[in-house]
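Numbering (the numbering used here), first residue to last: 3 to 446. All remarks here apply to the structure that follows.
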């Protein structure tokens, strides 16, 4: 595939021609939340979202991953023989391949067959769906960081393939090649420069987003973040609660860029609800790192609404994946409500025991039909009010950010200005109480 076919970004796929054969692996004794067949079903949906036709699949159960070819040379040769019969020109592995695995697999399958892994496919989908400058920067950074250790001779001259993005990373682009340098070495250096530039730009975006969050804190309006597995219906729920017109599609990763909307509760109090990127099993590490600024919308929230597709036969496994991701983000301290969505399509969660997961409430809704919205608003109101503890504080005058946080996120019972600082009796959320205790501001 030449540069013209690749287009203007680091896309790995060509929707009009790709016919894919999927390969999944199950390690004996592993405790993966999804079976290999279920995971391949999800990989099929990912491929279709990227515009790829799936023409075959193979599942392999192994005692361990083969250090050279991932699935073993014999199985790989068997797959190579099966590809012509189904007309496949692309093989997609359901797990991330190391650079060595990629090289050895390509040797066995031959030059006419391209090889992707799940991470590369998800990155491609993100590249197709990013609509804002921030989203595009995040995806481009993740793609470059994924691609750099896998750069081989077949991926050289990347500057032309990405519309000059690499060339903009340094003066003169890839044309300034020193004595004895190969094109591969030049491309690696230029990609490294581009990664550094993208990180700088994203830090500026992160600082801008942080200022917006600080403004929301000072406004005193509680923030609620929607989290959940991809395609659980978060954007539809945001539209149902707020009357917004957020883009909605019945596909994986339909929306990537965070959206914040005001919602009025039954008691007349306003909240801000933030829609965030959907989670998925085996989410590429480079994506989690690149979307740090977006994911901070979750860690700074007063309340999480974990939205689940209750009609999905693997709803419990999806819940487990989201819970694991929240733990990685250190967001388990935030109170959360489980929102079982799409009950108009069925409810596979009726016999689930959610008590051990620490949810403050469980609400069944259909965001598409508008069912259960009043019950959800009532649950949000109740949890936000219940999650308050009484504290006596002594806050120095120079600690203005703590004073603002207590005023905006808590209920002031009494406040006195003294020579040593501001003495405050207030009811504040549990998470804020913990931070105030760590800062040594709680008067005992």
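For every residue, glycine included, the Cβ atom is placed at its ideal position computed from N, Cα and C. This one's a predicted model, so the numbers in the text were calculated from it and none came from an experiment.
Secondary structure of residue i, DSSP reduced to three states
i, result
"residue 446", "coil"
"residue 431", "strand"
"residue 437", "helix"
"residue 37", "coil"
"residue 21", "strand"
"residue 185", "helix"
"residue 62", "strand"
"residue 267", "coil"
"residue 383", "helix"
"residue 232", "coil"
"residue 276", "strand"
"residue 95", "strand"
"residue 377", "helix"
"residue 395", "strand"
"residue 113", "coil"
"residue 55", "strand"
"residue 76", "helix"
"residue 407", "helix"
"residue 281", "strand"
"residue 300", "helix"
"residue 141", "helix"
"residue 134", "coil"
"residue 238", "helix"
"residue 30", "coil"
"residue 194", "helix"
"residue 244", "helix"
"residue 227", "strand"
"residue 43", "helix"
"residue 203", "helix"
Nonlocal neighbours in the same chain, by C-beta distance under 8 angstroms from residue i, ignoring five residues either side
i, result
"residue 200", "139, 142, 143, 146"
"residue 125", "12, 14, 141, 144, 145, 148, 286, 288, 289"
"residue 272", "223, 264, 265, 266"
"residue 322", "35"
"residue 115", "82, 85, 90, 91, 92, 93, 108"
"residue 42", "24, 26, 59, 61, 96"
"residue 79", "110"
Cut-off 7 angstroms between Cβ atoms - residues of its own chain near residue i, not counting five sequence neighbours on either side
i, result
"residue 324", "229, 230, 231, 281, 308"
"residue 372", "242"
"residue 90", "21, 22, 23, 57, 58"
"residue 350", "312, 313, 314, 315, 317"
"residue 361", "338, 339, 340"
"residue 391", "429, 430, 432, 435"
"residue 87", "none"
"residue 457", "Absent from the model: residue 457. The displayed extent of the chain is 3 to 446, so no value can be given."
Contact under 7 angstroms by Cβ, residue i with residue j
i, j, result
"residue 274", "residue 262", "yes"
"residue 109", "residue 235", "no"
"residue 339", "residue 363", "yes"
"residue 286", "residue 121", "yes"
"residue 429", "residue 412", "yes"
"residue 104", "residue 152", "yes"
"residue 303", "residue 336", "yes"
"residue 300", "residue 407", "no"
"residue 379", "residue 268", "yes"
"residue 48", "residue 123", "yes"
"residue 52", "residue 127", "yes"
"residue 106", "residue 134", "no"
"residue 60", "residue 81", "yes"
"residue 240", "residue 277", "yes"
"residue 65", "residue 102", "no"
"residue 342", "residue 385", "no"
Beta-carbon proximity list for residue i, same chain, < 6 angstroms, skipping 5 on both sides
i, result
"residue 394", "427, 445"
"residue 62", "27, 73, 77"
"residue 417", "426"
"residue 370", "238"
"residue 333", "300, 301"
"residue 346", "368, 371"
"residue 213", "none"
"residue 414", "428"
"residue 291", "none"
heavy atom of the ligand ATP below 6 angstroms from residue i C-beta
i, result
"residue 53", "Absent from the structure shown: the ligand ATP. Ligands present: none."
Original post:
Does the count of Cβ pairs from the region 421-438 and the region 398-405 closer than 8 angstroms reach three?
Top reply: The region 421-438 is in contact with the region 398-405.
Subject >> Inter-stretch contact (C-beta, 8 angstroms, three-pair minimum) for the region 24-33 and the region 86-100 >> reply: Short answer: they touch.
Subject >> Residue ranges of each beta strand (DSSP E) within the region 313-346, 3 or longer >> reply: Counting whole runs of 3 or more residues, the region 313-346 contains the beta strand (DSSP E) stretches 338-343.
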